[in-house]
Structures are given as structure tokens and as C-alpha cells.
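Student: Pasting in a structure now, in C-alpha cells, and then I'll have a few things to ask.
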Amino acid sequence: MVNGIRSSEFGMRNYFLNSADKWSEQFLSPCTPLMAQLITINQNNLHESIIHGVSVLTAGGIVAFPTDTVYGVGADAFNPSAVEKIYAAKKRPKDKPLAVLVASFRDVLKLATNLPAAFERVATAFWPGALTIVVKADSDLPVEITAGGNTVGVRMPDNPIALKLIAAFGKPLATTSANLSGEREAITAEEVQASLGDKIDLILDGGATKKKVVSTVLDLSVKPPVILRHGQISPEQIADVF
214 MVNGIRSSEF GMRNYFLNSA DKWSEQFLSP CTPLMAQLIT INQNNLHESI
264 IHGVSVLTAG GIVAFPTDTV YGVGADAFNP SAVEKIYAAK KRPKDKPLAV
314 LVASFRDVLK LATNLPAAFE RVATAFWPGA LTIVVKADSD LPVEITAGGN
364 TVGVRMPDNP IALKLIAAFG KPLATTSANL SGEREAITAE EVQASLGDKI
414 DLILDGGATK KKVVSTVLDL SVKPPVILRH GQISPEQIAD VF
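Counting from 1 along the sequence shown, just add 213 to a position and that's the residue number in our numbering.
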């Protein structure tokens with residue numbers, strides 16, 4: 214007995230301390246991936262959630278958010294290292310360019326040069342909406358987005374969370390679907406968390422997306438325009454604009 218405490222009590226104390234150390238080593242190892250913060254958005258926390266998303270983007274992080282098609286991941290389009298993180302998180306081949314989301318027509322002027330005459334007509338008809346328009350990229354746009362090419366796909370999503378996030382950030386977002394490359398696109402925050410939760414920084418949960426179909430991709434950088442990917446907007450709808 215030491216100072217009124219039996220030696221058996223010291224043994225029990227050491228047992229718990231050693232057990233705690235082993236638990237910490239197993240579960241709190243520096244090598245253990247951290248899961249992305251998930252914020253379920255409602256009317257009461259929308260503003261604060263958007264501001265937090267902006268802070269993550271400003272720091273060069275990746276944010277997942279709902280769009281009018283599927284969930285997407287976004288990063289600062291003018292931060293090459295942030296764009297690289299998207300490729301790494303998704304295990305996306307470097308030769309596949311990313312799209313860029315905008316909140317206004319003015320944002321497009323930061324990304325593209327010599328917009329074709331048809332651009333304004335097509336964008337006015339379908340934006341905000343599920344049409345990605347490919348145009349000639351500005352030379353200042355990071356090659357990480359264009360994959361070394363000379364074009365960029367731009368879109369204005371028809372989703373209030375996505376639009377508020379882009380507008381509050383003040384710059385376009387490099388983006389792609391929020392899933393590992395080759396896997397099915399995510400339509401809920403839970404699916405994003407299961408696929409990329411340990412690879413990105415923040416998930417803004419706005420509920421399931423209303424549509425489960427990707428955007429149509431229309432290339433206006435060539436004549437005549439070509440549909441590169443079929444999606445929500447049909448060829449007939451596009452033809453009606455020309």
C-alpha cells in the first residue's frame with residue numbers, strides 16, 4: 214500500500230492508461246484519414262453554411278454540393294494546386310479536362326476569349342440549367358482545368374445552393390461529379406460521403422438532387438456545333454435555338 218492506495222489500484226490504473234494509449238494509436242493515428250465535414254443545410258443555417266464553404270475554397274480546399282443534375286465537387290478554378298486535388302480525390306485521369314461552374318455571364322469572361330455569336334443565344338435559352346457549353350479557353354486559365362487543351366466547358370447550374378456558393382466565392386469553380394472516376398454519380402450527400410468522404414474537405418447537404426441525369430455538353434468552339442455528351446437537354450431543344 215502506498216499513501217493509502219493499494220498496489221492493485223495502481224495496476225488497474227495502468228491497465229486503463231495502456232488501453233487508452235492503444236486505442237489512441239489505433240483510431241487516432243496521424244495516418245487515419247479525416248472525414249469531410251458534412252453540413253445539412255436548412256433555412257436557418259444557409260448563409261453560415263455558404264460562408265463556411267467560401268472559407269474552405271479560399272484555403273484551397275474541395276467542397277461538394279448539390280447541383281441541378283448530380284452532386285459535384287468544386288475548387289477555385291484559378292488555383293492550380295486546388296484543381297489538382299480534385300484529380301487526386303477522384304483518381305481522375307489527367308487528360309480529362311474539368312468543367313467550370315459560373316454564377317453569372319460576367320464570370321464567363323474570366324474563362325473564355327472570342328465567344329462565338331451563338332453563345333449568348335444558347336446560354337440565355339438554357340441557363341441556369343443542365344447545358345455545359347464548350348468555348349475557347351482564355352490563356353490565363355490553368356492547364357490543370359483544360360488538360361492542356363484550348364477549350365473549356367462552362368455551365369450555370371440551376372440550384373440555389375450552388376449559385377449562392379459560387380457568387381459568394383466571387384470566382385468560377387472548377388468542377389466535376391462527386392464520385393470516384395468511373396463510378397456512378399452521387400445524387401445524395403450520403404453517397405458523396407461514402408465515395409469521397411476521406412478525400413475532400415466539406416460536403417454541403419442540400420438533399421437529393423431533383424434530376425439524376427448529367428448535363429448535355431455542346432461544343433461551340435467548332436462549326437457546326439457538336440453535342441459531345443447527351444444529357445438533360447435534348448438535341449431537339451438545342452436545334453430550336455439555332
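Note that beta-carbon positions come from the ideal geometry of N, C-alpha and C, so glycine has one too.
All of these numbers come straight from a predicted model, not from anything done at the bench.
Report the partner residues of isoleucine 252 according to the DSSP bridge assignment.
Tutor: Within the sequence shown, the letter at position 39 stands for residue 252. DSSP output for isoleucine 252 lists Leu417 as bridge partner(s).
Student: Is serine 262 helix, strand or coil by DSSP?
Tutor: Numbered from its first residue, the sequence shown carries residue 262 at position 49. Three-state result, serine 262: helix.
Student: Do you know offhand how far leucine 417's Cα is from glutamate 449's?
Tutor: Counting from one through the sequence shown, the residue named residue 417 turns up at place 204. Counting from one through the sequence shown, the residue named residue 449 turns up at place 236. Their Cα atoms are separated by approximately 34 Å.
Student: Let me make sure I understand the geometry here. Which of Ala277, Asp351, Ser294 has the alpha-carbon closest to that of glycine 287?
Tutor: The sequence position of residue 287 within the sequence shown is 74, counting from 1. Of the listed residues, the one whose Cα sits closest to glycine 287 is Ala277.
Student: Assign aspartate 453 to one of three DSSP states: helix, strand, or coil.
Tutor: For the purposes of this step, residue 453 is taken as the residue at position 240 of the sequence shown. Residue state, collapsed to three classes: coil.
Student: Could you pull out every residue in the same chain whose Cβ sits closer than 7 Å to the Cβ of tryptophan 236, ignoring the five residues on either side in sequence?
Tutor: As a position in the sequence shown, residue 236 is number 23, starting the count at 1. Confidence in tryptophan 236 is poor, its pLDDT being 34 and thus under 50, which makes the residue's placement too unreliable to answer from.
Student: Could you tell me which residues DSSP pairs with serine 294 in its beta bridges?
Tutor: If you number the sequence shown from 1, residue 294 lands on position 81. Per DSSP, none; premise fails for serine 294.
Student: For serine 268, name the three-state secondary structure that DSSP assigns.
Tutor: To locate residue 268, count along the sequence shown from 1; it is residue 55. Note: serine 268 maps to helix in three-state DSSP.
Student: Considering only residues of the same chain and omitting the five flanking positions on each side of alanine 316, which have a CB-CB separation below 6 Å?
Tutor: On the sequence shown, residue 316 is found 103 positions in, with the first residue counted as 1. Result list for alanine 316: Leu376, Ile379, Ala380, in chain order.
Student: According to DSSP, is leucine 247 part of a helix, a strand, or is it coil?
Tutor: Taking the first residue of the sequence shown as position 1, residue 247 is located at position 34. Coil, per DSSP.
Student: Please determine, among Gly383, Ser434, Gly395, the residue with the shortest C-alpha to C-alpha distance to arginine 319.
Tutor: If you number the sequence shown from 1, residue 319 lands on position 106. Closest option to arginine 319, Cα to Cα, is Gly383.
Student: How about the region 347–366 and the region 433–448: do they share at least three Cβ pairs that are nearer than 8 Å?
Tutor: The region 347–366 vs the region 433–448: in contact.
Student: DSSP three-state label for threonine 337, please.
Tutor: Residue 337 sits at position 124 when you count from the first residue of the sequence shown. DSSP places threonine 337 in helix when its eight states are reduced to three.
Student: How should asparagine 255 be labelled, buried or exposed, when 16 other C-beta atoms within 10 angstroms of its C-beta is the threshold for buried?
Tutor: As a first step, residue 255 is located in the sequence shown; it is residue number 42 there, counting from the start. It counts as exposed.
Student: Can you tell me which of Ala336, Leu247, Phe291, Ala402 puts its alpha carbon nearest to the alpha carbon of lysine 323?
Tutor: For this step, residue 323 is matched to residue 110 along the sequence shown. Minimum Cα distance to lysine 323 is reached at Phe291.
Student: Applying the 10 Å Cβ sphere with the 16-neighbour rule, what's the burial state of isoleucine 263?
Tutor: Looking up residue 263 in the sequence shown gives position 50. Isoleucine 263 comes out buried.
Student: State yes or no: is the C-beta of lysine 412 within less than 8 Å of the C-beta of glutamine 445?
Tutor: The residue labelled residue 412 in the question sits at position 199 within the sequence shown. The residue labelled residue 445 in the question sits at position 232 within the sequence shown. Result no, Cβ atoms of lysine 412 and glutamine 445 do not sit closer than 8 Å.
Student: Please classify glycine 274 as buried or exposed, where buried requires at least 16 other C-beta atoms within 10 Å of its C-beta.
Tutor: As a working mapping, residue 274 is identified with position 61 in the sequence shown. With 16 or more other Cβ atoms within 10 Å, it is buried.
Student: Skipping 5 residues on each side, what residues in its chain have a beta carbon closer than 7 Å to that of threonine 364?
Tutor: In the sequence shown, counting from the first residue as 1, residue 364 sits at position 151. Excluding positions up to five away in sequence, the list reads Val347, Val348, Lys349, Ala350, Ser434.
Student: Per DSSP, which one or two residues make a beta bridge with aspartate 432?
Tutor: Here residue 432 refers to the residue found at position 219 when the sequence shown is read from its first residue. For aspartate 432, which the question treats as bridged, DSSP gives the partners Val347, Val439.
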